[in-house]
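Here the structure is laid out as structure tokens; the discussion comes afterwards.
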Amino acid sequence: MSKIAKYKSTRRQFLASAAAATATFSSLGAPHVLAQSKRPIRIGSTQDLTGALSPDGTWNDRAVKAAVKKIMADGGIDGRPVELFVEDTETNTQTALRKFRSLVLQNEVDFVIGATHSGHNIATAPFAKELRTPYFASGTALETTTDKGNRWIFRGVNNIRQQMKAMALVAMEKLKPRYYFVGADYAWGRSLVKESKAYVSERGGKIIGETFIPLGTQDLSAYMNNIRPDEFDTLVLGMTAGDGMRFLRQAHDMGLTRKVTIVGNIAVTTGSNVPDLGPGADGNWYTTMYPRRAEYVPAALREFDDYYRAAIGVTSEGTDKDTGRAANLPYSFVAWQAVHMIKHVVEKAGWRTRDDHPKFIQALEGLALKASRDFPQGDWSMRAEDHQIVHNQYIERIDGDQLKVIATVDKSQLSYPPENDYRKERL
Amino acid sequence: MRFGKLFLFAVIVAALVLLPYLSGRFTRTMVSEILIFALFALSIEVIYGHTGMLSFGQAGFFGVGAYSVALTIIHANAGIATALMASVVSSAAIAVLVAAFAVHLRGHYFALVTIVMGLILYYAATGWRSLTNAEDGLSFSRPLLFDSYSLSEPLVSYYFVLAIFLAVFFLVRFLLLSPLGRIFRAIRENEDRVRYLGYDVVLLKVLSFAISGALAGFSGGMFALFSAYANTEFLHWTLSGEPVMWSIVGGIGSIYGPIIGTALLLYLREGLSSYLIHVYPIIVGTIIIATIIFFPGGLAGAIKTRVAHVMAKRASGK
Amino acid sequence: MAETLVFQLLNAMVWSWVLALLALGLTLVFGYLDIVNVAHGALYAIGAAVSWWIIQATGAPLGGFLLSLVVAPIVVALIGIVAFQTTLRPIEKQPPIYTLITTFGLFFVLQHALFLIFGGAPRSVDLPVATLIPLLDRTYPLYRILMACGAAAIIAGLWYVLHHSTYGTWIRAVQQNRDVATAMGIPARQVTLVVFAAGCGLAGLAGVLAAPVLQVRYDMGIDIIIDAFIVVIAAGFGNILGTIIVALIYQLVQGVMVMMVTPVQGKVLALSLVLAWVLIRRKGLLEREKRR
């Protein structure tokens, strides 16, 4: 499909530039002058298909593809077909930028769905604005919707502040008050530790210390120096799949987890079945956007959840129906919902071409929609000022070989005053 | 023959100048990127193609150049010229420092020491988070060119890159055709003989490495300007291998080879990667190996041999 | 403070053996064949991946692990043989530096082929021996100590083969003068192939040993390979004792450094220290290069 599309696009580019040979600064506008309104709506997707975050990327990719397939089966967006262009970022920010540019300039996509890598989201933000293309960030570092964001970026997932607030609300009630923090040494991990610390100290918890571990560190012993297991009761863990799993294993082997409860972000478990996480994971708490096991999905959402799981090929245990390995439900719904957000907003705003992007952005600002097959996570609302969504959050605990939901935090508890108002930016 | 070459060259330059009127914005962006990375590949031509020392640490200079641009713009409000100058000076300075020790080594040892040097720069950059922001990198807004043109304008950006590329290309060409370039080649062929002729080989090697480092740093600076961004992945050793691969495929020992190779492999990367996402590195790896085995002179070498062959046939009257 | 130091030193000593094992595979190939094998890191990852598969297939943490100690290096060595015959044999007559570029291409091919088969997600291997030894206020896994012993035993075996067996004599003869060795009836082509395969097998073995501690991922060799490189150039080619000593010093320096600076800064200092040592010793290296 994409091969034909590419050929067509070059030919149209050629026609366009021949027609516009006299108009010098025609750069982006030209091809769209000729573009008809029945032209397919083009969605680009930049995902971490290889490299460190490939467990996230492959599931986001599946969700985006399944969503497009569903929409096409239902008659497209506003009666128009959807063309999907997928690019691999190699979990490399420079590549992510290049692929974003190539999607917009070469494939002339109208919207781009980004990766869960916050570094990519933040670096892409200025280019989304420069190339006037709405970008849906899937990463959760706070900055994406504060000082690094702009009016062209939307985030369809609770950010790290909201996620860790949910965790703090539950943990501070039930766990002992001395906290230690371990984070991956990049935007997301730093952001997670900062936000968790803020909530813990606000509620009178005691902060014992913090350690940041560079991505991809193999033997973590050198970083475990300052972590003295007798000095704290709770360890807040902000690491992603591979690194986090290594931490759990090695911390257990080094005797750091014996008397300690680990509370963390669900990203640690991405792509791992519970037994893979090893003995260090037993009893851990995780803040998550989506229950792994269907039995913990609220009754009102069951039907939507069933549909969504079937569409992306995930069992009610949260595993890939073919390989039996854990899916990435906490994040992949973000990609699924982003495609559907595009559909709803395009239809609502009467969007026809790229020139209507301002209309699209204004329609999404402040939008609130109910749970449905399109939005299986539940009701959500997109804050107008900083383009940050808010939805319910769950706390899961590892019990035997299962992740069990032990608490649900309502979205009304997760709001905070917006730090920016992107609406001041001219469109 | 000379005329033919000149004509071909004029056609290519004319095509590059007219490109914005012949193609879409994507091609223009892509060509800009190729031109910037061609300078990176030329840095390999200077140190390896001409002087015979294979450097596997060029990403260190590339990253230092990129950060020089980012940091001077962010912290010193530098203009484009100053920022680029900073990238040249800083990377050349580091190259001289390394070269002062490393040029005594030969063959594999030199290559391995440059890898390690690149790695030290990489870890130093990731460890110095307050300055470099590590993997997350620094994004910045680009200063205006001559105080009036914005690099966000696609045409400005393209002609800026093209003008810089042509200027640097001719400078490097002039340098390599000059007596200095001849001595570099002589060092490659027989270092001892050059020494017996009374030249200070160590000094000349340091000079060659400094020029190469400056070129790599400059291309890093240009790339940072182009992407409005720099991060520590720019210094990683796997990026050091890229210009070497481009040069080998294009053909070392000729100033055109690395440029051809860069264009070819980057074009391939763009064309292939969306369809054969995971297979692309395997294809590239295979191309490198096949080039080394079947066309050790690269594409430029193969063309040269072919042309010479045809010429010889014609001369012999067949 | 003192407790942390004890802990760090013990851990540094343990890792130095795995690093030495990895570096030995490189130095063997480098020293005897004049080939810098950049693909060594990918072979290390393949060894670890094969080990994961075997343990999964057998379902026995210890039995599967022991089996993979035998099978994985053989698989990796076979891959090495195919790679050598198809990519390195044809360029034997070319300048040796070309091998560096060829193996860089090989590194791309192998690493991403592993990705296609193994996938991008990390997989974990249970400790074959789950015992944890109490140490001060924490514990230390017995497996890590056994891993170091295993690496040491393999290195000792290698040393014995090189210096006290007929084949070892052949290898050294081929390295010193290939033409004379061939004239004496030593099958030089076979010897070079065996040395390359053995070097690859050692990378695979190191991967098997490290897998239970580090988790298995297709790109796990990308950084550790550079540590191995620096050990090789500092120790000098084919020098087994030197390799062990340098690996130990390199790890100990990092272990002590983390008492004062961050581990990444410690790594910068350790690398700089070893690099400075290499550059100071450069005259020795130069002479050796000339002699060959």
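Read top to bottom, the protein sequences are chains U, F and L. Position one of the first sequence corresponds to residue 1 (the working numbering), numbered consecutively onward. Position one of the second sequence corresponds to residue 1001 (the working numbering), numbered consecutively onward. Position one of the third sequence corresponds to residue 2001 (the working numbering), numbered consecutively onward. Each residue gets a CB set at the ideal place from its N, CA and C atoms; glycine is no exception.
Where do the ends of the beta strand (DSSP E) carrying residue i lie?
i: arginine 397 of chain U; result: 393-399
i: isoleucine 41 of chain U; result: 41-47
i: methionine 382 of chain U; result: 380-382
i: proline 2141 of chain L; result: 2138-2141
i: proline 2134 of chain L; result: 2132-2135
i: arginine 135 of chain U; result: The sequence given here places tyrosine at residue 135 of chain U; arginine does not occur at that position. Counting along the chain, the beta strand (DSSP E) containing tyrosine 135 of chain U begins and ends at 135-137.
i: leucine 403 of chain U; result: 402-409
i: isoleucine 2280 of chain L; result: Looking at the DSSP string, isoleucine 2280 of chain L is not in any beta strand (DSSP E); the run it does join, the alpha helix (DSSP H), is 2263-2280.
By the DSSP assignment, the alpha helix (DSSP H) with residue i in it spans what residues?
i: lysine 206 of chain U; result: That residue, lysine 206 of chain U, is in no alpha helix (DSSP H); its beta strand (DSSP E) goes 206-213.
i: phenylalanine 2229 of chain L; result: 2221-2235
i: alanine 1094 of chain F; result: Residue identity differs from the one stated: residue 1094 of chain F is isoleucine in this sequence, not alanine. Residues 1080-1102.
i: lysine 1304 of chain F; result: 1298-1315
i: tyrosine 2250 of chain L; result: 2240-2257
i: aspartate 56 of chain U; result: 54-73
i: glutamine 377 of chain U; result: Glutamine 377 of chain U -> no alpha helix (DSSP H), and no H or E assigned at all.
i: asparagine 2011 of chain L; result: 2002-2033
Beta-carbon of residue i versus every beta-carbon of chain F: anything under 8 Å?
i: isoleucine 122 of chain U; result: yes
i: alanine 187 of chain U; result: yes
i: serine 2272 of chain L; result: yes
i: glutamine 218 of chain U; result: no
i: phenylalanine 2084 of chain L; result: no
i: valine 2231 of chain L; result: no
For residue i, name the three-state secondary structure that DSSP assigns.
i: arginine 151 of chain U; result: coil
i: arginine 2292 of chain L; result: At arginine 2292 of chain L, the pLDDT of 42 sits below 50, so the modelled position is not reliable; the number obtained from the coordinates is stated separately. Of the three classes helix, strand and coil, the one that applies to arginine 2292 of chain L here is coil, per DSSP.
i: valine 2161 of chain L; result: helix
i: serine 1368 of chain F; result: For residue 1368 of chain F there is no data in the structure shown, the boundaries of chain F being 1001 and 1318.
i: aspartate 88 of chain U; result: strand
i: lysine 321 of chain U; result: coil
i: phenylalanine 1170 of chain F; result: helix
i: arginine 2123 of chain L; result: strand
i: leucine 369 of chain U; result: strand
i: leucine 1054 of chain F; result: coil
i: valine 1011 of chain F; result: helix
i: lysine 3 of chain U; result: For lysine 3 of chain U, the pLDDT reaches just 34, beneath the cut-off of 50, and the residue's location in the model is therefore unreliable, leaving the point undetermined.
i: tyrosine 1149 of chain F; result: strand
i: tyrosine 186 of chain U; result: coil
Per the DSSP calculation, residue i is bridged to which residue(s)?
i: tyrosine 180 of chain U; result: U:Gly209, U:Leu235
i: asparagine 265 of chain U; result: U:Thr287
i: phenylalanine 111 of chain U; result: U:Ile43
i: glutamate 1189 of chain F; result: Answer by DSSP bridge pairing: none, since glutamate 1189 of chain F is not bridged.
i: serine 1139 of chain F; result: F:Tyr1229
Closest Cβ-Cβ distance between residue i and chain L: below 8 Å?
i: threonine 1232 of chain F; result: no
i: proline 1258 of chain F; result: no
i: glycine 435 of chain U; result: Residue 435 of chain U falls outside the range modelled here, since chain U spans only 1 to 427, and no answer is possible.
i: serine 201 of chain U; result: no
Does residue i get closer than 8 Å to chain U when you measure Cβ to Cβ?
i: serine 1219 of chain F; result: no
i: serine 2124 of chain L; result: yes
i: tryptophan 2017 of chain L; result: no
i: glutamate 1242 of chain F; result: no
i: tyrosine 2140 of chain L; result: yes
i: serine 1152 of chain F; result: yes
i: isoleucine 2224 of chain L; result: yes
Is there contact between the segment 391-408 of chain U and the segment 274-287 of chain U, where contact requires at least three CB pairs shorter than 8 Å? By the criterion of at least three beta-carbon pairs nearer than 8 Å, the segment 391-408 of chain U is in contact with the segment 274-287 of chain U.
For the structure I just gave you, are there three or more beta carbon pairs, one from the segment 1232-1245 of chain F and one from the segment 1166-1183 of chain F, closer than 8 Å? Contact between the segment 1232-1245 of chain F and the segment 1166-1183 of chain F is absent: fewer than three C-beta pairs spanning the two stretches fall below 8 Å.
Does the segment 1055-1067 of chain F touch the segment 1181-1200 of chain F, meaning 3 or more C-beta pairs lie closer than 8 Å? Three or more Cβ pairs closer than 8 Å define a contact, and the segment 1181-1200 of chain F falls short of that threshold against the segment 1055-1067 of chain F.
Cβ contact (3+ pairs, closer than 8 Å) linking the segment 1293-1305 of chain F and the segment 2216-2226 of chain L: Fewer than three beta-carbon pairs drawn from the segment 1293-1305 of chain F and the segment 2216-2226 of chain L are found closer than 8 Å, and the two stretches are therefore not classed as touching.
Does the contact criterion of 3 or more C-beta pairs under 8 Å hold for the segment 237-244 of chain U versus the segment 2124-2142 of chain L? Contact between the segment 237-244 of chain U and the segment 2124-2142 of chain L is absent, with fewer than three C-beta pairs closer than 8 Å.
Is the segment 1140-1147 of chain F touching the segment 1002-1018 of chain F, taking contact as three or more C-beta pairs under 8 Å? Between the segment 1140-1147 of chain F and the segment 1002-1018 of chain F there are fewer than three C-beta pairs closer than 8 Å, too few to call the two in contact.
Three CB pairs or more closer than 8 Å across the segment 320-331 of chain U and the segment 350-360 of chain U: No, they do not touch.
If you pair each beta-carbon of the segment 246-256 of chain U with each one of the segment 42-61 of chain U, do three or more pairs fall below 8 Å? Contact between the segment 246-256 of chain U and the segment 42-61 of chain U is absent, because fewer than three Cβ pairs lie under 8 Å.
Does the pairing of the segment 2177-2197 of chain L with the segment 2053-2063 of chain L give three or more beta-carbon distances under 8 Å? No, they do not touch.
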